[in-house]
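Novice: There's a structure below that I have some questions on.
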Amino acid sequence: MNWISNYVRPKINSLFSRREVPENLWSKCGECGTMLFHRELSDNLNVCPNCEHHMSFKPRDRFKALFDDGLFFEVEVSDPTVDPLKFKDQKKYTDRLKTTTKVVGEKEAMLIAEGEIMRTPVIGACQDFSFMGGSMGMYVGNAIIAAAKRAIKLKRPLVLFSAAGGARMQEGILSLMQMPRTTVAVEMLREARLPYIVVLTHPTTGGVTASYAMLGDVHIAEPNALICFAGPRVIEQTIREKLPEGFQRAEYLLDHGMLDRVVHRKNIREELVSIIRMLTKQPRAIKADIAGPIDQKKQDQPVE
Amino acid sequence: MTNYLEFEKPLAEMYSKAEELRSLARDDKDLNVDDEIRSLEIKADKLLKSLYGNLTAWRKCQVARHPDRPHCKDYIENLFEEYIPLAGDRNFADDHAVMGGLARFGEHSLIVIGHEKGSDTKSRIERNFGMARPEGYRKAIRLMDLAHRFNLPVLTLVDTPGAYPGKGAEERGQSEAIARSTQKCLKIGVPLISVIIGEGGSGGAVAFATANKVAMLEHSIYSVISPEGCASILWKDSEKMREAAEALKLTAQDLKKLGVCDIIIPEPIGGAQRFKNEVIQAVGVTINEMLLEFKGLDSNTLIRDRREKYLSVGQKSFVA
Ligand SMILES: [Zn+2]
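Just so you know, the protein sequences line up as chains E and V, in that order. Everything in the first sequence is counted per my numbering, starting at -9 for the first residue and increasing by one. Everything in the second sequence is counted per my numbering, starting at 40 for the first residue and increasing by one.
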């Protein structure tokens, strides 16, 4: 019997995949153009085996790969007022939301979970770039506050994976207000002396970078992730010159002192565990007795 | 010389016609144009009233950005008996887009921090059109720390199109600087009051305006993105800024309903650009009221109230 079976409760989500992805799907690497078999890609944590490009990683898949045995519990997030501005551009915001929810198969742009990484309990927060560019609106704000509160209640560190184009314009000023709101959440974690680790993934820009994504105790980024406030196109238009190669990419930010580490996706679990366990004075994790998520899948282990 | 906005053109024509008549009358003593001038002026007054009584969101954006509006520097020069500018972020540079220093306001000593857009070509370039670089936010952080240590209230005057989208600004950690400035706003144990005097542009505004109380001038704006930027992204047409301005709910009146703005400071008919002194004095009165409201409150209460305010913004149901 697996140790995690003690945890089996109805809210275990990863066991019931919401969308069945057809196995014969091919996708193209945005960086090198290689056609990749879906299964091959997901086995490789959505990293292109040819050029190591880190493709976007859906929160549920990310958590499945992150947490021991792919098990996690979803943390409830309170629902904000929907469409507070009654916003309409060429399309109604409510219609946009409906379509996106349907296509993406998720309620909103952030998922909060509790689980263990190499038996190190954490709260995880992961932003979903496929949901309206991961944009930060009231729901994302509520999610981060819920994550911080849950972390404080359980005395666990918070690990947040950021991915967003910025604030959700359709919520106007109330999306902007998520900058101070999420900063309050970070403050609460700091006061509780709980580690807050940010993993910046491609892309993290705008108001998200200028609030909770840049306020971590430790900043890790995935290779080549675009991380900025103003995007490269806006800057090129403003200064009317071409930007240097690699500008605003993770390695560039590392060189300019904004990040602690640039870490390949396959190594993030172990990095997180080392950092968290040293920060919280826990003994070193023994890896030998727990198989990684990929191995688990191959074993096709039964579920109790 | 008055700078007329596009929608004020008919007004400009009336005034110039009246002026023409006056000069004709000066040349020809027998010519009586008094009645005609008076009727023109009455007509112009009426038009001004109707224009300013019912400004659309986009027109408010134009008024908020009007070059003749009183800027941070004007408030500092006119409201304070003493002002000692304090410069630099102690790291890299002094950002001239951000003014800041010690000020004496009536019985209060305080720290003032604000965006300054500049008033002519030379000063606009020097001030980078009010677009701060990381050094500006870091200077603000330093000044807020100073205020905290000496228990002085902080007043911020917000007037910026937004953070500067430049290469150096990004290299030196613009995002981090804005995030830390917002964090500092939430942390200091002294009253933090903010007045949006013109344009409150996205993150650059939040970094200063995360305050216990936010007052806005009647025709000022505060927005997540400029209407032009929003139009080009969501409408794929930057000419749709009128629609975007309307949809974004960025006027002081909308923001009061949304619970982001606490106080609206009225502007005389015709806007702050026509009545600089009156508006500066009105802002002074509101600053004084806000300072008195928070006087004597202990630091824990101030920090807690500020946090609660931002945690609860947008949480209650409302109709925009
Ligand atoms: Zn590739």
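Backbone N, C-alpha and C define an ideal beta-carbon position, used for all residues, glycine too. Please read all numbers here as calculations on a predicted model, not as lab measurements.
For Ser32(E), which beta-bridge partners are listed by DSSP?
Specialist: Within the first sequence, residue 32(E) is the residue found at index 42, counting from 1. Answer is none; Ser32(E) lacks a bridge partner.
Novice: When you get a sec, list the residues whose CB is within less than 6 angstroms of any heavy atom of ligand 1, chain order please.
Specialist: Cys19(E), Glu21(E), Cys22(E), Thr24(E), Cys38(E), Asn40(E), Cys41(E), His43(E)
Novice: CB Val197(V) to CB Ile236(V), shorter than 8 angstroms?
Specialist: For the purposes of this step, residue 197(V) is taken as residue 158 along the second sequence, with counting starting at 1. For the purposes of this step, residue 236(V) is taken as residue 197 along the second sequence, with counting starting at 1. Result yes, Cβ atoms of Val197(V) and Ile236(V) sit closer than 8 angstroms.
Novice: I'd like the span of the alpha helix (DSSP H) that includes Asp73(V), first residue to last.
Specialist: As a working mapping, residue 73(V) is identified with position 34 in the second sequence. From DSSP, the alpha helix (DSSP H) with Asp73(V) extends over 73 to 92.
Novice: Nearest to Leu79(V) by CA position, among Arg61(V), Tyr91(V), Val322(V), is which residue?
Specialist: Residue numbering aside, residue 79(V) sits at position 40 when the second sequence is read from its first letter. Considering only alpha carbons, the answer is Arg61(V).
Novice: At the level of alpha carbons, what is the spacing between Glu165(V) and Glu45(V)?
Specialist: For the purposes of this step, residue 165(V) is taken as residue 126 along the second sequence, with counting starting at 1. For the purposes of this step, residue 45(V) is taken as residue 6 along the second sequence, with counting starting at 1. When only Cα atoms are considered, Glu165(V) and Glu45(V) end up about 27 angstroms apart.
Novice: Could you tell me which chain V residues have their CB closer than 8 angstroms to the CB of Leu164(E), listed as they occur along the chain?
Specialist: For the purposes of this step, residue 164(E) is identified with residue 174 of the first sequence, where counting begins at 1. Within 8 angstroms Cβ-Cβ: Leu297, Val299, Val352, Gly353.
Novice: Pairs of beta-carbons, one from the region 43 to 50 of chain E and one from the region 92 to 103 of chain E, closer than 8 angstroms: are there three or more?
Specialist: yes
Novice: Enumerate in chain order the residues of its own chain whose CB-to-CB distance from Ser277(V) is below 7 angstroms, with the five nearest sequence positions on each side excluded.
Specialist: By 1-based counting over the second sequence, the position of residue 277(V) is 238. Correct list, in chain order: Glu267, Ala270, Ser271.
Novice: Along the beta strand (DSSP E) that carries Gly114(E), what are the first and last residues, could you check?
Specialist: On the first sequence, residue 114(E) is found 124 positions in, with the first residue counted as 1. DSSP places Gly114(E) inside the beta strand (DSSP E), whose first and last residues are 110 to 117.
Novice: Report back the beta-carbon spacing between Ser165(E) and Arg158(E) to the nearest angstrom; my notes put them in contact at under 8 angstroms.
Specialist: In the first sequence, counting from the first residue as 1, residue 165(E) sits at position 175. In the first sequence, counting from the first residue as 1, residue 158(E) sits at position 168. Indeed they touch by this definition, with Cβ atoms about 4 angstroms apart.
Novice: Give, in chain order, every unbroken run of the alpha helix (DSSP H) that is at least 4 residues long and sits entirely within the region 261 to 318 of chain V.
Specialist: 266 to 269, 280 to 287, 291 to 296
Novice: Do you know how far the Cα of Leu179(E) is from the Cα of Lys143(E)?
Specialist: Position 153 of the first sequence, counting from 1, holds the residue named residue 143(E). Position 189 of the first sequence, counting from 1, holds the residue named residue 179(E). Answer to the nearest angstrom: the Cα atoms are 10 angstroms apart.
Novice: Three or more beta-carbon pairs under 8 angstroms between the region 89 to 102 of chain V and the region 128 to 139 of chain V, yes or no?
Specialist: Verdict: no, contact absent.
Novice: Using 8 angstroms for Cβ pairs, my map puts Asp113(V) next to Gln312(V). What's the rounded Cβ distance?
Specialist: In the second sequence, the residue the question calls residue 113(V) occupies position 74. In the second sequence, the residue the question calls residue 312(V) occupies position 273. The beta-carbon distance between Asp113(V) and Gln312(V), rounded to whole angstroms, is 11 angstroms. This is too long to meet the 8 angstroms contact definition.
Novice: Out of curiosity, what's the CA-to-CA distance linking Gly95(E) and Pro147(E)?
Specialist: As a first step, residue 95(E) is located in the first sequence; it is residue number 105 there, counting from the start. As a first step, residue 147(E) is located in the first sequence; it is residue number 157 there, counting from the start. When only Cα atoms are considered, Gly95(E) and Pro147(E) end up about 28 angstroms apart.
Novice: Return the first residue and the last residue of the beta strand (DSSP E) that Leu150(E) is part of.
Specialist: Indexing the first sequence from 1 puts residue 150(E) at position 160. 148 to 154 is the span of the beta strand (DSSP E), which, as asked, contains Leu150(E).
Novice: Mind checking the region 100 to 121 of chain E against chain V and listing, in chain order, the residues whose C-beta falls within less than 8 angstroms of any C-beta there?
Specialist: Under the 8 angstroms Cβ criterion, the region 100 to 121 of chain E contributes no residue.
Novice: Just checking my contact of Val352(V) with Val299(V) at CB under 8 angstroms: how many whole Å lie between their CB atoms?
Specialist: Along the second sequence, one-based indexing puts residue 352(V) at 313. Along the second sequence, one-based indexing puts residue 299(V) at 260. That pair is a contact at about 6 angstroms.
Novice: The alpha helix (DSSP H) that contains Met183(V), what's its start and end?
Specialist: If you number the second sequence from 1, residue 183(V) lands on position 144. Taken as a continuous stretch (DSSP letters only), the alpha helix (DSSP H) holding Met183(V) covers 173 to 188.
Novice: Could you tell me the distance, in whole angstroms, from the CA atom of Ser46(E) to the CA atom of Phe119(E)?
Specialist: The count along the first sequence starts at 1 and reaches residue 46(E) at position 56. The count along the first sequence starts at 1 and reaches residue 119(E) at position 129. Taking the straight line joining both Cα atoms gives about 7 angstroms.
Novice: Counting Cβ pairs, one atom from each stretch, are 3 or more of them under 8 angstroms apart for the region 200 to 218 of chain V and the region 169 to 177 of chain V?
Specialist: yes
Novice: At a CB-CB cut-off below 7 angstroms, which residues of chain V make contact with Ala211(E)?
Specialist: Start at 1 with the first residue of the first sequence, and residue 211(E) comes out as number 221. Correct list: empty, because the minimum Cβ distance to chain V is about 13 angstroms.
Novice: Can you tell me whether Val11(E) is helix, strand or coil according to DSSP?
Specialist: Numbered from its first residue, the first sequence carries residue 11(E) at position 21. Low confidence applies to Val11(E): its pLDDT is 49, below 50, so where it sits in the model is not reliable enough to give any reading.
Novice: Is the distance from the Cβ of Lys315(V) to the Cβ of Pro49(V) below 8 angstroms?
Specialist: In the second sequence, residue 315(V) corresponds to position 276, counting from 1. In the second sequence, residue 49(V) corresponds to position 10, counting from 1. Contact: no.
Novice: Let me know the secondary structure DSSP gives Ile19(V) once reduced to three states.
Specialist: Nothing in the structure corresponds to residue 19(V), since chain V is present only between 40 and 359.
Novice: When you compare each of Ala133(E), Arg109(E), Val174(E) to Glu98(E) by their alpha carbons, which one comes out closest?
Specialist: Residue numbering aside, residue 98(E) sits at position 108 when the first sequence is read from its first letter. Considering only alpha carbons, the answer is Ala133(E).
Novice: What are the residues that DSSP puts in a beta bridge with Ala142(V)?
Specialist: Working through the second sequence from its first residue, we reach residue 142(V) at position 103. For Ala142(V), which the question treats as bridged, DSSP gives the partners Tyr122(V), Leu149(V).
Novice: At a CB distance below 9 angstroms, what residues from the region 236 to 253 of chain E approach chain V? Give them in sequence order.
Specialist: Phe237, Gln238, Tyr242, Leu243, His246, Gly247, Met248
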